[in-house]
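**Q**
2 protein chains.
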Amino acid sequence: MSVDTLTISKPVLVGILGLGTVGGGTAEVLQKNSVEIARRAGRSIEIVAASVRDINKKRPAVLDNVKLTLDSNEIVDDPNIDIVLELIGGTELAKDLVLRAIENGKHIVTANKALIALHGNEIFAAAQRKGVTVAFEAAVAGGIPIIKAIREGLAGNQIEWLAGIINGTGNFILTEMRDKGRDFEDVLKEAQQLGYAEADPTFDVEGIDAAHKLTILASIAFGVPLQFEKVYTEGISNITSEDVEYASELGYRIKHLGIARRVDSGLEMRVHPTLIPHRRLIANVDGVMNAVLVRADAVGSTLYYGPGAGAQPTASAVVADLVDVVRALTTDPGNRVPHLAFQPDAIQDIEMLSINEAETAFYLRMQVRDQAGVLADITRLFADQNISIEAIVQKEQKDDQGCVPLVILTHNVLESNMIAAIEKIENLSSVTGKVIRIRLETLG
Amino acid sequence: MSVDTLTISKPVLVGILGLGTVGGGTAEVLQKNSVEIARRAGRSIEIVAASVRDINKKRPAVLDNVKLTLDSNEIVDDPNIDIVLELIGGTELAKDLVLRAIENGKHIVTANKALIALHGNEIFAAAQRKGVTVAFEAAVAGGIPIIKAIREGLAGNQIEWLAGIINGTGNFILTEMRDKGRDFEDVLKEAQQLGYAEADPTFDVEGIDAAHKLTILASIAFGVPLQFEKVYTEGISNITSEDVEYASELGYRIKHLGIARRVDSGLEMRVHPTLIPHRRLIANVDGVMNAVLVRADAVGSTLYYGPGAGAQPTASAVVADLVDVVRALTTDPGNRVPHLAFQPDAIQDIEMLSINEAETAFYLRMQVRDQAGVLADITRLFADQNISIEAIVQKEQKDDQGCVPLVILTHNVLESNMIAAIEKIENLSSVTGKVIRIRLETLG
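As they're listed, the protein sequences go chains A and B.
Position in the first sequence (first residue = 1) + 429 = this note's numbering.
Position in the second sequence (first residue = 1) + 429 = this note's numbering.
See below:
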């Protein structure tokens, strides 16, 4: 096959559900890189139809030959369409359409992390029965080929843990807070103006989006079913510029991480702000960029970095999935890369640990009266819970009650022990207000 | 298929050519992770035979059931063996054995970068004729799945350039020089003692190893034939601790990079020490670690980081290749991922540019007499060659001839213009000795 005769191979025909930013970006990438894509895939990939909400809206010229319809069922039922690209977002309608497309024997490519995190088990079972593929590289970390790296590139390893900056909005906010000493609310407003954050920023700043992605990463890393409801999720809206600054003074950066870790007793899945030593590569991933650090037994630590969102980066992942699906068309379905990395019958239930069973170090900040004996009281309470202290820093600026900030870094401790200690510390008369706590991971 | 019944599927049988560090590591990883690997691949992968130089040498227990032979032909001719793992290194014997195994219809997995860089075109053509796969993930950047990322994960993109720290020994030396102010020779000796560098360190420190890897990366990124002889190669043995320190003062790190870049007039392939702004993630990749930064049109910049050498990291890549080959066994050969990312008939000749045609910024250091008019002379010579200056720093410590170091950073300039300017500068009576020059890339 030469470049000139590529058109002789029958093109693969794609229908899109939902023609928003990512759909438009995908159409653009498929057109501008059509020669390179056909040189790689051996066939051309063409978008032939798309379902939209407004059929009369002005669209870019690249969509001129795409048949538009208001009825998504027309796409999933179209016998000419080989692959359905699901980009309508949301979970209920998307799920119904994807299942119907699968029943019709179509392969699926989706960028919908919520759909996979919440309904992936059911969708993959249906795909398995019909011998079709559901590809979802774009669902996690945008343009970074992280699904492929874990599912295929690390196939020889037992994965020990992974930690990812997997929400660009949150990382942008934390980066601005650190670089410019700005407050959370102030940066959030700017992120909304820049289009990085939604009008309702809950999914991003409260960690739900990251939890969807972590659910998927944990499944493909450890061979467990998707279990979004088991992810402990804590957002960044309580992080103050003071904590960012104290962390920095102590040699740490605060990042919003999704962490999945295999321990003897089970599997931890948690999303929360985390102090990381500033020399770690992942601590230097700034702005809207994403990165996932994976620790595996044979290879050691590998890290994957890139843009986690945006029309073109997401389209990059969508097109890579399209090429993969095209390449696997002649593969016996049982030999394709399994959806969740492990063969469907080899998916195992591993106990999902509650956050109380997680063991991490902690950064604590509290306001204490500037008087003798305070430190002795606090350190005794820590000792009672078997918590050992890595560093204590007492700051000098007094608040209007004559109290000063006390910052403590602990060694690793069971979450439940830390909660018990904090409760007692908050009851001390020499401590005012709540104890601020942020988990700390060395990721070494 | 359940985990318990995996053994019912016929195992895939592997023969190894050469049972050194990587062969031993691969056997170990295949055994310790046999359950996980079978859960992923759907079949078990077993090493049944290996060719060795010394049949009586004591081997680890994991190799107890492996039939050893002094005759590599026994492996490549064994009708029971499905996949041959080439780990003897070198290029001539390895090439003969690999071609013979291909003729016998066997798939190949190799970690041999020199073999692929020098003879890959011939080997892939033979594999194509026989419908078998030659997998070589372990040949570049050890355990980092960089071949997979570029060849599959970025399949929707036109790649613009890539820049990689792809020799761990060189990166270890430069990191030590920077962190501890040590000299090149001193660190090289330590690297040899630690086993990071060979007794003959030429391949590592003179950039030949990196040039082999760059040859492979450039081919899969740009769809060109492998052309090792076209790579411009410069090592790190001339880098002094002074230059490392001056670069650091100016906000840069010196890294030994392999760079491939598509420009309008052709393709640059070059390996050389390079100043990079210290805030770039890749500038913070230290010690023996590797990283490859890829700039592509849709996704933007992605970076892949991990250990570039070592028995277990290399084994990780080898086993991932084994799993890939197993998965593709039922795939129509024309639909498999092409060896060089692009379909064999779609590989194009792009003009390979000589280093004289490359455009980079430069760091220059020279010894100048501490007298009036020197700067005027030098800057006039730059202006004559259309070279514009980004920064000039004059140091105060005089050498025994009363000369002081002058450090200049330029903007981007054609290499040939820089060479012309340097020749004239070296002829100035106010400049003593040679002008040290190190290329500078912003990688922005």
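Glycine included, each C-beta is placed from N, C-alpha and C at the ideal position.
(1) Quick check on the burial criterion: 16 or more other C-beta atoms within 10 angstroms. Buried or exposed for D608(B)?
(2) Do V441(B) and D511(B) have their CB atoms nearer than 8 Å?
(3) In chain order, what residues of the same chain have a beta carbon less than 8 Å from the beta carbon of N815(B), not counting five sequence neighbours either side?
(4) Please list the terminal residues of the continuous alpha helix (DSSP H) segment that includes H641(A).
(5) For D693(A), would you say it is in contact with chain B, using Cβ-to-Cβ distances shorter than 8 Å as the test?
(6) Tell me the DSSP bridge mates of G593(B)?
(7) Which first and last residues belong to the beta strand (DSSP E) in which H707(B) is found?
(8) Do you know offhand how far S694(A)'s Cα is from S783(A)'s?
(9) What runs of the beta strand (DSSP E), each 3 residues or longer, lie entirely inside the segment 728-775 of chain B?
(10) Identify whether Y681(A) lies in helix, strand or coil by the three-state DSSP scheme.
(11) May I ask you to report which of helix, strand or coil DSSP gives E614(B)?
(12) Can you tell me where the alpha helix (DSSP H) holding H840(A) begins and where it ends?
(13) DSSP three-state call for E663(A): helix, strand or coil?
(14) When you compare the segment 770-780 of chain A with the segment 605-621 of chain B, are there three or more beta-carbon pairs, one atom per stretch, that lie closer than 8 Å?
(15) So if DSSP puts F791(B) in a beta bridge, which residue, or which two residues, is it bridged to?
(16) Span of the beta strand (DSSP E) holding G444(A)?
(17) Taking its Cβ as the centre, do 16 or more other Cβ atoms sit within 10 Å of R482(B), making it buried, or is it exposed?
(18) Under 8 Å between C-beta atoms, does T861(A) make it to chain B?
(19) Chain B beta carbons: is any one of them nearer than 8 Å to that of R469(A)?
(20) What residue from G716(B), I576(B), V634(B) has the CA that sits closest to I649(B)'s CA?
(21) Which residues in chain A sit within 8 Å of K524(B), going by Cβ to Cβ distance?
(22) In the segment 557-577 of chain B, which residues sit with their C-beta less than 7 Å from some C-beta in chain A, listed in chain order?
(23) Name the DSSP bridge partner or partners of T539(A)?
(24) Could you list which residues in chain B have their beta carbon closer than 7 Å to that of Q814(A), in chain order?
(25) Looking at the secondary structure, which residues open and close the alpha helix (DSSP H) in which L810(A) lies?
(26) Looking only at its own chain, which residues have a Cβ that is under 6 Å from the Cβ of F549(B), when we skip the five neighbours before and after it?
(27) Ignoring anything shorter than 3 residues, give me the beta strand (DSSP E) runs that lie fully in the segment 441-505 of chain B, in order along the chain.
(28) Could you have a look at I821(A) and say whether DSSP puts it in helix, strand or coil?
(29) In the DSSP assignment, what are the bridge partners of G599(B)?
(30) Nearest-angstrom Cα distance between K486(B) and L448(B)?
(31) Can you pull the chain C neighbours of P742(B), defined as C-beta to C-beta under 8 Å?
(32) Which residues in chain B sit within 7 Å of G582(A), going by Cβ to Cβ distance?
(33) DSSP puts M891(A) in a beta bridge; with which residues?
(34) Which residues of the segment 642-661 of chain B have a Cβ closer than 9 Å to any Cβ of chain A? Give them in chain order.
(35) Can you give me, in chain order, the residues of the segment 771-796 of chain B that have a beta carbon less than 7 Å from any beta carbon in chain A?
(36) Quick one: which residues of the segment 666-693 of chain A get their C-beta closer than 8 Å to a C-beta of chain B? List them in chain order.
**A** Per the coordinate set shown:
(1) exposed
(2) yes
(3) V842, N846
(4) 637-651
(5) no
(6) G687(B), V721(B)
(7) Careful: H707(B) lies outside any beta strand (DSSP E) and carries neither H nor E.
(8) 11 Å
(9) 729-736
(10) strand
(11) helix
(12) Neither: H840(A) is in no alpha helix (DSSP H) and is coded neither H nor E.
(13) coil
(14) no
(15) R868(B)
(16) 441-446
(17) exposed
(18) no
(19) yes
(20) I576(B)
(21) In chain order: nothing, as chain A lies at least about 26 Å away.
(22) G572, I573, P574, K577
(23) E515(A)
(24) Correct list: empty, because the minimum Cβ distance to chain B is about 36 Å.
(25) 803-813
(26) Residue identity check: residue 549(B) is Gly in the sequence provided, not Phe. Around G549(B): L655.
(27) 441-446, 474-480, 496-498
(28) strand
(29) DSSP, once it has assigned bridges, lists no residue as partnering G599(B).
(30) 11 Å
(31) No chain C appears in this structure, whose protein chains are A and B.
(32) P574, K577, A749
(33) Given a span of 430 to 873 for chain A in the structure shown, any question on residue 891(A) remains unanswerable.
(34) G652
(35) F771, Q772, D774, A775
(36) none
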